[in-house]
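Under full-length UniProt numbering, the residues of the sequence shown are numbered 1 to 382, in order. Notes follow once the structure below has been shown.
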Amino acid sequence: MILTSKPTKEETASFNQSVLEEKVNSTRVIVILGALLFIVYTIMDKFGLPEETLETIFLARGTLLVVLAYIYYLTYQNIFQKYYIPIVMAGYFACGIAISIGVYVSQAGEYSYDLYFAALIILVATSFSWSYLPIKVSIFISALFIITYICMRVFAHKDIEGARLLTLMSQVFYLLSIGVVAATAQYIRDTLIYKNIRLQKNLIKEAEEQTKEAEKQEMLANLDALTGIPNRRYITECLELALKDAQHTNTLLVLIFLDLNGFKEINDTYGHDSGDRVLEVTAKRLKHTIREDDYLARIGGDEFLIGFKTDQFSAKFIDSLCAKLKKNISDPIAFNKHKLKVGVSIGCASYPGDGDTIDELIKISDKHMYLDKQEGRRSKTM
Numbered sequence: 001m002i003l004t005s006k007p008t009k010e011e012t013a014s015f016n017q018s019v020l021e022e023k024v025n026s027t028r029v030i031v032i033l034g035a036l037l038f039i040v041y042t043i044m045d046k047f048g049l050p051e052e053t054l055e056t057i058f059l060a061r062g063t064l065l066v067v068l069a070y071i072y073y074l075t076y077q078n079i080f081q082k083y084y085i086p087i088v089m090a091g092y093f094a095c096g097i098a099i100s101i102g103v104y105v106s107q108a109g110e111y112s113y114d115l116y117f118a119a120l121i122i123l124v125a126t127s128f129s130w131s132y133l134p135i136k137v138s139i140f141i142s143a144l145f146i147i148t149y150i151c152m153r154v155f156a157h158k159d160i161e162g163a164r165l166l167t168l169m170s171q172v173f174y175l176l177s178i179g180v181v182a183a184t185a186q187y188i189r190d191t192l193i194y195k196n197i198r199l200q201k202n203l204i205k206e207a208e209e210q211t212k213e214a215e216k217q218e219m220l221a222n223l224d225a226l227t228g229i230p231n232r233r234y235i236t237e238c239l240e241l242a243l244k245d246a247q248h249t250n251t252l253l254v255l256i257f258l259d260l261n262g263f264k265e266i267n268d269t270y271g272h273d274s275g276d277r278v279l280e281v282t283a284k285r286l287k288h289t290i291r292e293d294d295y296l297a298r299i300g301g302d303e304f305l306i307g308f309k310t311d312q313f314s315a316k317f318i319d320s321l322c323a324k325l326k327k328n329i330s331d332p333i334a335f336n337k338h339k340l341k342v343g344v345s346i347g348c349a350s351y352p353g354d355g356d357t358i359d360e361l362i363k364i365s366d367k368h369m370y371l372d373k374q375e376g377r378r379s380k381t382m
């Protein structure tokens, strides 16, 4: 049950945050119980102490009750959390001083002579177990009043011989034993809290890492591994949503199907690395040609698909866009001191003119692309 490392500032802050409510509640309870105990002690002292010492006892107890009442009031103020340690220390010091005064004024043979020893036991035990003071502070408070108790018994009451010395030695032994047990209990309690904080921190970190990994995997599942643009599955999902939006807003959805010409020849001549280079550059050029909110994906070996919504659709606009796409794609691509050049065949389809499902629109745009490819071949032949 030992912390393997010193708590960090962040862990200490988390510790204080986790016991905020408990600090308030435990302080209120111990203040109430302490006040009740000292009231009972005062009543008992009235019947067991000489009249000449009662005035001193009553003054000390009255002052203590005022201090405890003020501490109870502070637990309802915002200042309490900020100054928790000095406020609670003040309460324990007030109790310790009241006990010490009782020890000093009582005399051997009076019933209260050893009664204050019991009060001191309660003070030592609760400073560790019932408060959230740092363990060093609790040790300091306990040691201070145990030493004070010993000094009063030795120097003020001369308990230095016979049965009285043995009684004092046994009392000191009990006080030290209770202090060790209480300090150990506080250490175990605080250690468990810190371990729980670290466990929660690790669980949160692990959950965040798992979430990031899941998001990464989801992103990879939606992207083409070579070009980094969306794949067929993902663009289909996006276009389905875009189609529903177009249906509700009475706008047009246009699909452009692109198939590279001469890609196979480059692959066969220069190898697969050259083909990969062509696909990567083509994807970048397409991405720079379309608008940011348009859709783009690689849907096959050398096939790409573009989708976009528009309020106005004209053959002139489509012809201009297709011409721009063909020009950008046909620019030479540098590869190992070679200039690679591909062409592209393009086919278009739009909702609602050519179909009302994404599958239909893709098929029709593919068909139009094939016609464009045939037209290109005829042009070359001629």
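Note that the Cβ used here is the ideal one computed from N, Cα and C, for glycine as well. As the structure is a computational prediction, the values presented were derived from the model and not from experiment.
- For A283, the CB contacts under 6 angstroms within the same chain, skipping 5 residues up- and downstream, are T227 and I229 in chain order.
- A residue is called buried once 16 or more other Cβ atoms fall within 10 Å of its Cβ, and A182 is buried on that count.
- Assignment of K309 by DSSP, reduced to helix, strand and coil, places it in the strand class.
- At a Cβ-Cβ threshold of 8 angstroms, I362 and A297 do not count as neighbours.
- Residues N231 and R298 of the same chain have their beta carbon placed closer than 6 angstroms to that of D224, with the five preceding and five following residues left out of the count.
- In chain order, G343, V344 and I346 place their CB closer than 8 angstroms to the CB of K326, counting only its own chain and leaving out the 5 sequence neighbours on each side.
- When only Cα atoms are considered, T310 and F304 end up about 20 angstroms apart.
- Per the Cβ contact rule, the region 90 to 105 is in contact with the region 113 to 121 (3 or more Cβ pairs under 8 angstroms).
- Comparing alpha carbon positions, the residue from V137, Y351, N25 and I147 closest to D245 is Y351.
- Note on geometry: alpha-carbon atoms of F335 and E215 lie some 34 angstroms from one another.
- Distance between F173 and F128, taken at the CA atoms: about 18 angstroms.
- With the rule of 3 Cβ pairs closer than 8 angstroms, the region 246 to 259 counts as touching the region 353 to 372.
- Pairing I57 with D45 gives a Cβ-Cβ distance under 8 angstroms.
- In the displayed model, N261 falls within a strand according to three-state DSSP.
- In the structure shown, the three-state DSSP call for K339 is strand.
- Around the CB of R233, fewer than 16 other CB atoms lie within 10 Å, so the residue is classed as exposed.
- DSSP, read as helix, strand or coil, puts G62 in helix.
- Per DSSP, the unbroken alpha helix (DSSP H) holding L286 starts and ends at H272 to T289.
- Counting every other CB atom within 10 Å of its CB across the protein chains shown gives Q210 a total below 16, marking it as exposed.
- In this structure, the CA atom of S131 is about 12 angstroms from the CA atom of L20.
- Taking the Cα of I122 as reference, the smallest distance to any Cα among I99, A108 and Q107 is reached at I99.
- The beta carbons of I87 and L68 sit no closer together than 8 angstroms.
- Between K339 and the set I197, I306 and G275, the nearest pair of CA atoms involves G275.
- Annotation: L120 is outside any beta strand (DSSP E); the continuous alpha helix (DSSP H) that includes it extends over L115 to S129.
- A residue is called buried once 16 or more other Cβ atoms fall within 10 Å of its Cβ, and I160, having fewer, is exposed.
- Looking at T251, D268, F93 and K9, the one whose alpha-carbon comes closest to that of S138 is F93.
- At least 8 angstroms separates the beta-carbon of N250 from that of R285.
- Beyond the five residues adjoining it in sequence on each side, L175 comes within less than 7 angstroms, by CB distance, of L120, I121, V124 and I146 in the same chain, given in chain order.
- Of the residues S14, A90, K201 and K264, the one whose Cα lies closest to the Cα of G301 is K264.
- By the C-beta density criterion, R61 is buried, having at least 16 other C-beta atoms within 10 angstroms.
- At a Cβ-Cβ threshold of 8 angstroms, T289 and K324 count as neighbours.
- Excluding the 5 residues flanking it on each side, R28 has same chain C-beta neighbours closer than 7 angstroms at Y72 and T75, in chain order.
- In this structure, the straight-line span from the alpha carbon of G96 to that of C151 is close to 14 angstroms.
- By alpha-carbon distance to L133, the top candidate from Y295, S314, A13 and K23 is K23.
- Per DSSP, the beta bridge partners of A349 are L255.
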